[in-house]
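Using the working numbering, the letters of the sequence shown map in sequence onto residues 1088 to 1559.
Take a look at the structure set out below.
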Amino acid sequence: MSDHRLLTRRRFLKSSSTMAAAGLLGSGMPCGVVSAQEAGERPTQAAGVTVLNPRGRVPVSFIIDDSTCLVNVAHFKIPQLAEVYPDRYRQDWRKLPREIPDSFVRKFGEWCREHGVKGKYSVVPYPACVGWIDRRMPGWSRKELEDSLALVRDFMTVDWDIHPEMVSHTFAVDTKTGRPYAEKSEKYLENTGFSVGMSTDEMTEYIAYALEMMKNAGLPCEGVTTPGGFGSRARPALAEGTLQAVRGVYGAEIPHYFRDLFTDERSVAPLVQNVRGLDTDDPQCVVHTIGCTGDWFGGWDGLGEGSVDRFITADLQGGRMPEVIDREQPAIMVCHWPGIYYNGEERGFLIFQEVVRRLHARNDNLIWMKLSEIARYWAAKELTRIEERDGRIDLSSPFACREFTFECTLPGTKPPRVVIAAADGLAAEELELREVKRALDLKSGTWFRDGERVTLCVDLPQRRTVSVKAQA
């Protein structure tokens, strides 16, 4: 049995035992007990209190798919997809570079840091079955692979969540052998048929297999990205499998995943799913973060035609991003790494730079966030118990959350009194909030008054009641 398989199976069995004890596995239902379309538990939230976006701003993020260490996934992916769909994949893949160099990763990352950009960066762990990020990458030296991993681990993770995009992003891998299945058909492509009808147990084990490779390579993960159509026809299993696998392998408190993007009128607000145990010491949920754009940078193969205007027009009024930002929902752009690099021409990167410039010229109310940060905020936004009684507002969150921002009615002109209750051997503490003159100046530890409506921005502790009331 391979090391990957052994480690995955041990952790999976331990996780399964815990879930079975809770009555959440073994029911015989085809896709698990907890449906991805079911929100799960929800607490009481007082009607007079409105939870706002963090700091009253609009979250913005950038999802990068099909990235990994060294390998240009498009170069190796095209001929494999063509084995199954010979009429659909006719690009001359031999002309595409086999590598996207680390020098470009650093160049891109440095520019993004300078401009405050954050998001998600995939690392496919067994890219197109070429090599393993935690073992060897044939065609590159061991040192080149180690240097590439160090760049992601030490530099990129400051501003980017790191996700596996399942195992290979092409042919599915038999976790018992660590090798791709022998049959090369749609049924065994991760992007299309492989996940169809998967049970929760099967989904959990496959995702955990990918996560084990990430962990062996020293990369942190709180979420996963689905390759192509993976999970689209097994959504309950995908949500529950992500929750179990990410918690089981990494112990992450709030697992999240990226599966869908919408470019129409549908909401792109994150979905907080499979919520349970809110009143216990082990609250659980999984968050589905949703993209709001197509890849209009350069395509998954680095051969497409990009368009700045589809994101935001030169007059700053049109395009998809202003539409979503004005709805005050998280505006999460989506791209593929080969299209950003664009075979060394960097056309997609140039488009992205102009998009960011226009966004910052149009809006002063944006806040760039990683997907994990958005997921945590949305979990706290939907799962914090909020009660009003005797002129006091009490908030109790199952998860800690920075810059939690909410609006309520408080009479008078004095600063609101905010007290964090004693808990678990900790003494009660009173917060001294600083008043700001503009809502845009809100940050943790501040408040803003507009008539009798008051907006507060505080760091919510986990499972400690925060009480707010007007001072006499």
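Glycine included, C-beta positions come from ideal geometry on N, C-alpha and C.
- Apart from the 5 residues on each side of it in sequence, Asp1396 sits with its Cβ closer than 8 Å to the Cβ of Gly1405 and Gly1406 in its chain, given in chain order.
- The C-alpha of Val1421 lies about 22 Å from the C-alpha of Asp1451.
- DSSP places Val1442 within a helical segment (H, G or I) once states are collapsed to three.
- With a cut-off of 8 Å on Cβ pairs, the segment 1421 to 1431 is in contact with the segment 1372 to 1392, counting three or more such pairs.
- Ser1459 and Ile1341 have their C-alpha atoms some 8 Å from each other.
- For the 8 Å CB-CB criterion, Leu1348 and Ile1377 form a contact.
- Following the DSSP letters along the chain, one finds Phe1195 inside the alpha helix (DSSP H) bounded by residues Asp1189 to Glu1201.
- Classified as buried, Glu1299 has 16 or more neighbouring CB atoms from the shown chains inside 10 Å of its CB.
- A residue is called buried when at least 16 other Cβ atoms come within 10 angstroms of its Cβ; Val1145 meets this threshold and is buried.
- Between Lys1457 and Ser1148, the gap from beta carbon to beta carbon is short of 8 Å.
- Taking the C-beta atoms as reference points, Thr1492 is found nearer than 8 Å to Asn1140.
- Put simply, the backbone Cα of Ala1515 is about 24 Å away from that of Thr1131.
- If you check the CB distance, Val1283 and Pro1251 do not come in under 8 Å.
- DSSP places Thr1329 in no beta strand (DSSP E) but in the uninterrupted alpha helix (DSSP H) bounded by Arg1322 to Tyr1337.
- Take the alpha-carbon of Gly1381 and the one of Gly1393: they are about 10 Å apart.
- Scanning the segment 1405 to 1486 from its first residue to its last, the whole beta strand (DSSP E) runs of 3-plus residues come out as 1418 to 1423, 1453 to 1455, 1472 to 1476 and 1479 to 1483.
- As DSSP reads the structure, Gly1206 sits in a beta bridge with Phe1149 and Trp1247.
- Looking at the DSSP output, Ala1510 bridges to Leu1513.
- By the 16-neighbour rule on beta-carbons within 10 angstroms, His1256 is buried.
- Its chain contains Cys1372, Val1374, Trp1465, Ala1466 and Glu1469 as the residues whose beta carbon lies nearer than 6 Å to that of Val1359, once the 5 sequence neighbours on both sides are disregarded; these appear in chain order.
- In the DSSP assignment, His1375 is bridged to Tyr1344 and Leu1358.
- A distance below 8 Å separates the beta carbons of His1162 and Pro1184.
- DSSP, read as helix, strand or coil, puts Cys1156 in coil.
- Scanning Asp1351, Ile1419, Arg1536 and Thr1155 for the CA closest to the CA of Val1204 turns up Ile1419.
- If you draw a straight line from the Cα of Lys1164 to the Cα of Gly1364, it comes to about 42 Å.
- The alpha carbon of Met1243 has as its nearest neighbour, out of Leu1306, Ile1399 and Arg1472, the alpha carbon of Leu1306.
- With 16 or more neighbouring CB atoms inside 10 Å of its own CB, Lys1207 falls in the buried class.
- A residue is called buried once 16 or more other Cβ atoms fall within 10 Å of its Cβ, and Val1245, having fewer, is exposed.
- In this structure, Gly1135 sits away from Glu1415, with a CB-CB distance that is not shorter than 8 Å.
- Judged by DSSP secondary structure, Val1395 falls within the alpha helix (DSSP H) whose first and last residues are Val1395 to Phe1398.
- Per the C-alpha coordinates, the member of Asp1241, Ser1272 and Ile1187 positioned closest to Glu1170 is Ser1272.
- Inclusion of Ser1531 and Val1553 in the CB contact set at 8 Å is not warranted, their separation being larger than that value.
- Within the same chain, Leu1157 come within 7 Å of Glu1231 by CB-CB distance, once the 5 residues on both sides are set aside.
- A check of alpha carbon separations from Tyr1172 across Phe1258, Ser1235 and Val1160 identifies Phe1258 as the nearest.
- Burial of Gly1318 is indicated by the presence of at least 16 other C-beta atoms within 10 angstroms of its C-beta.
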